[in-house]
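This report refers to the structure that appears directly beneath it.
Structure representation (structure tokens):
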């Protein structure tokens, strides 16, 4: 009898354990990051940089789809600080977005713990500081989300994958750059290009094997062209989208964008240049690293491969060649193409035109004549606590209009589950790059000149890829479609940091009047309170 009871008890325990394993909650990953100043010489000149746990660039985050990330950030700088998670959707959770419209900054000698999930995402992303001009001196890093083992990816597992954080760089301190902008001046042209915080790095691999290069433009202002001497690149992923696997000799990567390529080491065993150079500027800055074959006896040699001679049209044609892989799984088992975005009727169209006006004698940047200013109280807190006078829902128009530019805290009201068309109209001679937090969107069209309703005939309504950052070429337009399925207060901004800092941004208030945890999480218990929200409780 006793033995029978014992066996039955073991059976019950094993059964319950098996059930719990099958239904186990997604993994939790815990990190503590201390943010400090340090000294580095990324361009041969000692300068102050921002370190995370003593590292420049910051630690690389390698996580798996649906992981829960708990990241305690301790600010040891002399100024308030925030990190934002570039491309992570923060599903129902704009409380963790890490920008001044949603979060109070982390004050010096204090901390804040971010809690978010990489829900239904895979791909190549980054994180970086969203406060002041901190991004100019570090605090950024790679954030790679790998697919769960039960979800296949549409390419063989590479031997190794390398993360390449590429961007323009200034020898000038971030405080001096901020003073430039605060005084009403524009930033000078950058001093150089860095790859992983250095002017030169080496990436080693075995002949005959295939490697993944995860490339992100973490710079402040300039597009880059990326290429590898003697090798072609098979594009496989762009900001979480599996793409049709075309092969390229070089790729343009604009500010804030990320992509992944496969490179097979199928050439003679020697060393080859890895090249990143600026695009669409009179001055060309170039950084080189080395692709080293482990059986190489020959150092890198020969002329550094040049970027394509053609500029705007070549780049626009390449952008149009990027297509969604409709049959590949996304982070879920269903194919990417199972959501027929091109057959959905849009609820509203917005045309947002950037400009560079002088306001009160200072250089500002604006959207539909409005140059954004950050209030003392984050918009998200003002909305949650019903605090009046912080932002306006009618300061920015849905289409461009004539008139003088002005300062305002602009918020665009939209409804949860709207399906909107957004056109970025660029009437300037400068390259633009636009980012939307909390979402990815379909980039359905690029065109020269002025957008009109007739431009829709050229839209790709079948296999346009989704991404979180879209370039807009000089004197041109870019059109995107967005399914507003993520309630919250979400930042739409220029990824060109000078422009963002001096006004080229606003917020989308994706709203549903019926409070439901199915739509949006409650305010977290550790939320920092500042401005007019001080002393209030959830």
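Residue numbers (mature numbering (1 follows the signal peptide of the UniProt record, and there is no 0)): -24 to -1, 1 to 514. For glycine and all other residues, C-beta sits at the position ideal for the given N, C-alpha and C.
Leaving out five residues on either side along the sequence, give the residues of the same chain with a beta carbon under 6 Å from the beta carbon of residue 366. Within the chain shown, the letter at position 390 stands for residue 366. These residues qualify, in order along the chain: 351, 353, 358.
Could you give the first and the last residue of the continuous alpha helix (DSSP H) run that contains residue 110? Taking the first residue of the chain shown as 1, we reach residue 110 at position 134. Per DSSP, residue 110 belongs to no alpha helix (DSSP H) and is neither H nor E.
Pick out whichever of 464, 362, 406, 456 has its Cα sitting closest to the Cα of residue 257. The residue labelled residue 257 in the question sits at position 281 within the chain shown. Out of 464, 362, 406, 456, 406 has the C-alpha closest to the C-alpha of residue 257.
Is the region 144 to 151 touching the region 201 to 210 in the sense that three or more CB pairs, one from each, lie closer than 8 Å? no
For my contact list, residue 435 and residue 292 are in at a C-beta cut-off of 8 Å; report their separation, rounded to the angstrom. If you number the chain shown from 1, residue 435 lands on position 459. If you number the chain shown from 1, residue 292 lands on position 316. Between residue 292 and residue 435 the Cβ distance is about 15 Å, and since that is not below 8 Å, they are no contact.
By the 10 Å Cβ neighbour count, where 16 or more other Cβ atoms means buried, how is residue 285 classified, buried or exposed? Residue numbering aside, residue 285 sits at position 309 when the chain shown is read from its first letter. By the 10 Å Cβ count, residue 285 comes out exposed.
Inter-residue CB distance, residue 261 and residue 169 (contact presumed, cutoff 8 Å): On the chain shown, position 285 is the one that residue 261 refers to. On the chain shown, position 193 is the one that residue 169 refers to. Sure, about 5 Å apart at Cβ, within 8 Å.
Which residue wins for smallest C-alpha separation from residue 81, given the options 64, 408, 402, 58? In the chain shown, residue 81 corresponds to position 105, counting from 1. Nearest C-alpha to residue 81: 58.
Helix, strand or coil at residue 156 according to DSSP, with G and I counted as helix: As a first step, residue 156 is located in the chain shown; it is residue number 180 there, counting from the start. Three-state DSSP puts residue 156 in a helix.
At the 8 Å Cβ level, is residue 120 part of the contact set with chain C, yes or no? Protein chain content of the structure displayed is limited to a single chain, and chain C is not contained in it.
In chain order, which beta strand (DSSP E) runs of at least 3 residues are fully inside the region 88 to 145? 99 to 105, 117 to 122, 137 to 145
Every unbroken alpha helix (DSSP H) inside the region 270 to 309 [4 residues or more]: 288 to 297
By Cβ distance, which residues of its chain are closer than 7 Å to residue 4, with the 5 residues on each side in sequence left out? As a first step, residue 4 must be located in the chain shown, where it is residue number 28. Taken in chain order, the residues that qualify are 44, 46.
Count the other CB atoms within 10 Å of the CB of residue 161; is the residue buried (16 or more) or exposed (fewer)? One-based indexing of the chain shown puts residue 161 at position 185. Exposed, because fewer than 16 other Cβ atoms sit within 10 Å of the Cβ of residue 161.
Length of the line joining the Cα atoms of residue 129 and residue 430: Against the chain shown, residue 129 aligns to sequence position 153. Against the chain shown, residue 430 aligns to sequence position 454. About 38 Å.
Name the residue from 312, 479, 76 whose alpha carbon lies nearest to the alpha carbon of residue 330. In the chain shown, the residue the question calls residue 330 occupies position 354. Per the Cα distances, 479.
At what residues does the alpha helix (DSSP H) containing residue 312 begin and finish? The residue you call residue 312 lines up with position 336 of the chain shown. Premise fails: residue 312 is in no alpha helix (DSSP H) and is neither H nor E.
Across which residues does DSSP place residue 397 in a beta bridge pair? On the chain shown, residue 397 is found 421 positions in, with the first residue counted as 1. In the DSSP output, where bridge partners are listed per residue, residue 397 has 325, 457.
When the Cα atoms are used, what is the spatial distance from residue 242 to residue 428? Indexing the chain shown from 1 puts residue 242 at position 266. Indexing the chain shown from 1 puts residue 428 at position 452. The straight-line gap from Cα to Cα measures roughly 47 Å.
Residue range of the alpha helix (DSSP H) that includes residue 473: Start at 1 with the first residue of the chain shown, and residue 473 comes out as number 497. Looking at the DSSP string, the run of the alpha helix (DSSP H) that includes residue 473 is 473 to 477.
For residue 168, list the residues DSSP reports as bridge partners. Counting from 1 along the chain shown, the entry for residue 168 is found at position 192. Looking at the DSSP assignment, residue 168 forms a beta bridge with 145.
Compare the C-alpha of residue 16 against each of 6, 32, 97 and name the closest. Position 40 of the chain shown, counted from the first residue, corresponds to residue 16. The shortest Cα separation from residue 16 among 6, 32, 97 belongs to 32.
How about residue 483 and residue 77: do their beta carbons lie closer than 8 Å? As a position in the chain shown, residue 483 is number 507, starting the count at 1. As a position in the chain shown, residue 77 is number 101, starting the count at 1. Taking 8 Å as the Cβ cut-off, residue 483 and residue 77 qualify as a contacting pair.
I'd like the span of the beta strand (DSSP E) that includes residue 381, first residue to last. Within the chain shown, residue 381 is the residue found at index 405, counting from 1. No beta strand (DSSP E) holds residue 381; DSSP gives it neither H nor E.
Whole angstroms is fine: what's the gap from residue 451's alpha carbon to residue 289's? In the chain shown, residue 451 corresponds to position 475, counting from 1. In the chain shown, residue 289 corresponds to position 313, counting from 1. Answer to the nearest angstrom: the Cα atoms are 12 Å apart.
Would you mind stating whether residue 142 and residue 191 have Cβ atoms separated by less than 8 Å? The residue labelled residue 142 in the question sits at position 166 within the chain shown. The residue labelled residue 191 in the question sits at position 215 within the chain shown. Yes, Cβ-Cβ distance for residue 142 and residue 191 is below 8 Å.
Three-state secondary structure assigned by DSSP to residue 65: Along the chain shown, read from residue 1 onward, the residue named residue 65 stands at position 89. Residue 65: coil per DSSP, three-state reduction.
To the nearest angstrom, how far is it from the Cα of residue 272 to the Cα of residue 248? Taking the first residue of the chain shown as position 1, residue 272 is located at position 296. Taking the first residue of the chain shown as position 1, residue 248 is located at position 272. Roughly 10 Å separates the two Cα atoms.
Three-pair Cβ contact test at 8 Å for the region 19 to 26 versus the region 59 to 70: no
Nearest-angstrom Cβ-Cβ length linking residue 109 and residue 154, presumed shorter than 8 Å: Walking along the chain shown from the start, residue 109 turns up at place 133. Walking along the chain shown from the start, residue 154 turns up at place 178. Indeed they touch by this definition, with Cβ atoms about 4 Å apart.
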